[in-house]
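Notes follow the structure.
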Amino acid sequence: MLTTLISQETNPEKIIEIIKKLDMTAEVKKLFAALGNQVKTTDTNVHRAALLDIVNPNTNTLTLHCNDFSNISIKTPSTSNSSALYSAPGYSIFFAINHQSFTIQRYSVTEEWLTKKDSVTVSEGNPVVIDGRDTLLDCNPPGEGDQAFIGSINLPDRSADISVFDRKSLRKIAWFPHDDSAARYLVSLELLEAAQDPDAAKVAEEVIYHYHPAVAWRAFQMIYQKDRHNALHYVPLLRQLQNRRLDYLLDLYSEAV
């Protein structure tokens, strides 16, 4: 039932209304039973790769099902506690299983800070939807680890970045792209620069048309290092991305010239 529900792009409110009526413990057991067929192979290396694709030991999370625009995962009980909080661009629907419940702390997300909001309890029959555009959640507010299984249906927004915040100060300390294409281009540009490739600036002039602000900005920097005046010709192009952070950085470069 769950896999059919998310087999196409579906409104999160519709999903939450349906799963309120489902036995989510039974649904999770069905998905878990089907995992064996997904990773079954006689090739040891392929088997290991398949396991790595569904298991995240750092977050104690198991991906039960995924497709191009959604996934279903379960987080196992754990006593570990991360010093950082991560935003999750897109929608996440949290649900409980095994007659358990858990509390999540909600935060308002701004460009550089988190602001603590309210907490809400998730129990069987009472799922909670989180809009990751302006809300970040912490499934471990007491800081003592997770005492229950935490289920989630995730509808990620790949065009948005993942922000990292310090748990104590609630200040933004890092970010990384949620978009696989952006990540690949950023790594490629860094490798070209590290290798001191003489054609790195030429490659950057092609990559600067990328839709992701971080990629376009990195390409701009590489062009600027080679030819300042040529780089400034791309400023109007980058401003079309309408990204406040990017506009601020471009202003700094323009003033420097």
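The numbering of the sequence shown is UniProt numbering, which starts it at 1 and goes up by one.
Here a beta-carbon is modelled for each residue, glycine too, at the ideal position from N, C-alpha and C.
These numbers come from a predicted model, not from an experiment.
Problem set entry | Extent of the continuous beta strand (DSSP E) run through K116 | What you label residue 116 is simply residue 116 of the sequence shown in a count that begins at 1. L114 to S123 is the span of the beta strand (DSSP E), which, as asked, contains K116.
For this session: Evaluate the contact criterion for the region 161-172 versus the region 194-202: three or more CB pairs, one atom per stretch, below 8 Å.
Result: Because the criterion of three Cβ pairs below 8 Å is not met, the region 161-172 and the region 194-202 do not touch.
Exercise. What are the residues that DSSP puts in a beta bridge with N154?
Worked result: For the purposes of this step, residue 154 is taken as residue 154 along the sequence shown, with counting starting at 1. DSSP output for N154 lists N71 and S92 as bridge partner(s).
Exercise. Does the beta-carbon distance from S169 to S92 come in below 8 Å?
Worked result: Taking the first residue of the sequence shown as 1, we reach residue 169 at position 169. Taking the first residue of the sequence shown as 1, we reach residue 92 at position 92. Not in contact: S169 and S92 (Cβ atoms no closer than 8 Å).
Exercise. So who's on the other strand from residue 306, going by DSSP bridges?
Worked result: Look at the range of the chain in this structure, 1 to 257, and you will see that residue 306 is not part of it.
Exercise. F95 and V129 look like a contact to me (Cβ under 8 Å); what is the Cβ gap, rounded to whole Å?
Worked result: Position 95 of the sequence shown holds residue 95. Position 129 of the sequence shown holds residue 129. Not a contact, Cβ separation roughly 10 Å.
Problem set entry | Reduced DSSP category for F149 - H, G, I as helix; E, B as strand; rest coil | In the sequence shown, the residue the question calls residue 149 occupies position 149. In this structure, F149 counts as coil in the three-state DSSP scheme.
Problem set entry | S101, enclosing beta strand (DSSP E) - first and last residue | By one-based count along the sequence shown, residue 101 stands at place 101. S101 to V109 is the extent of the beta strand (DSSP E) around S101.
For this session: Would you check if the distance between the CB atom of P89 and the CB atom of D157 is smaller than 8 Å?
Result: Reading the sequence shown from its first residue, position 89 is the one you call residue 89. Reading the sequence shown from its first residue, position 157 is the one you call residue 157. For P89 and D157, yes; Cβs fall inside 8 Å.
For this session: Below 6 Å CB to CB, which residues in the same chain sit around W175 once its five sequence neighbours on both sides are set aside?
Result: Residue 175 sits at position 175 when you count from the first residue of the sequence shown. D161 and S163.
Exercise. So which of Y107, R218, S73 and G125 has the shortest CA-CA distance to D118?
Worked result: The residue given as residue 118 occupies position 118 in the sequence shown. Checking every option, the nearest Cα to that of D118 belongs to Y107.
Exercise. In angstroms, rounded to a whole number, what distance separates the CA positions of P12 and K75?
Worked result: Position 12 of the sequence shown holds residue 12. Position 75 of the sequence shown holds residue 75. So the two alpha carbons sit approximately 20 Å from each other.
For this session: Could you name the residues of the same chain whose beta carbon sits closer than 7 Å to that of L155, not counting the 5 residues immediately before and after it, in chain order?
Result: For the purposes of this step, residue 155 is identified with residue 155 of the sequence shown, where counting begins at 1. Excluding residues within five positions, the ones whose Cβ falls inside 7 Å are P12, F69, S70, G90 and Y91.
Exercise. Over what stretch of residues does the alpha helix (DSSP H) that includes L238 continue unbroken?
Worked result: Here residue 238 corresponds to residue number 238 of the sequence shown, with the count starting at 1. V235 to R239 is the span of the alpha helix (DSSP H), which, as asked, contains L238.
Exercise. Can you name, in chain order, every residue of its own chain whose Cβ lies under 7 Å from the Cβ of E27, other than the five neighbours on each side?
Worked result: By one-based count along the sequence shown, residue 27 stands at place 27. Excluding positions up to five away in sequence, the list reads M1 and L2.
For this session: Confirm, please, whether the CB-CB distance from A204 to A219 is below 8 Å.
Result: For the purposes of this step, residue 219 is taken as the residue at position 219 of the sequence shown. For the purposes of this step, residue 204 is taken as the residue at position 204 of the sequence shown. Yes, the pair counts as a contact, with Cβ atoms nearer than the cut-off.
Exercise. Taking the continuous alpha helix (DSSP H) assigned at D227, which residues delimit it?
Worked result: Locating residue 227 in the sequence shown gives position 227, counting from the first residue. Unbroken run through D227: none, as it is neither H nor E.
Exercise. Using the rule of at least 16 other Cβ atoms within 10 Å of the residue's Cβ for burial, across every protein chain shown, is V109 buried or exposed?
Worked result: Translated into positions along the sequence shown, residue 109 becomes position 109. It is buried - the Cβ of V109 has at least 16 other Cβ atoms within 10 Å.
For this session: Could you say which of L51, P77, Q105 and P236 lies nearest to T59 if we only look at CA atoms?
Result: Within the sequence shown, the letter at position 59 stands for residue 59. The candidate whose alpha carbon is nearest that of T59 is P77.
For this session: Please go through the same chain and pick out, in chain order, the residues whose beta-carbon is closer than 7 Å to the beta-carbon of D179, but skip the five residues on each side of it.
Result: In the sequence shown, counting from the first residue as 1, residue 179 sits at position 179. The residues R158, S159 and H212, in chain order, have a CB closer than 7 Å to that of D179 in the same chain once the five nearest residues on each side in sequence are set aside.
Problem set entry | residue 258 vs I104 beta-carbon contact at 8 Å | This structure does not reach residue 258, given that the chain is present from 1 up to 257, and the question cannot be answered.
Problem set entry | C-beta atoms of I19 and P141 nearer than 8 Å | Walking along the sequence shown from the start, residue 19 turns up at place 19. Walking along the sequence shown from the start, residue 141 turns up at place 141. The answer is no: Cβ separation not under 8 Å.
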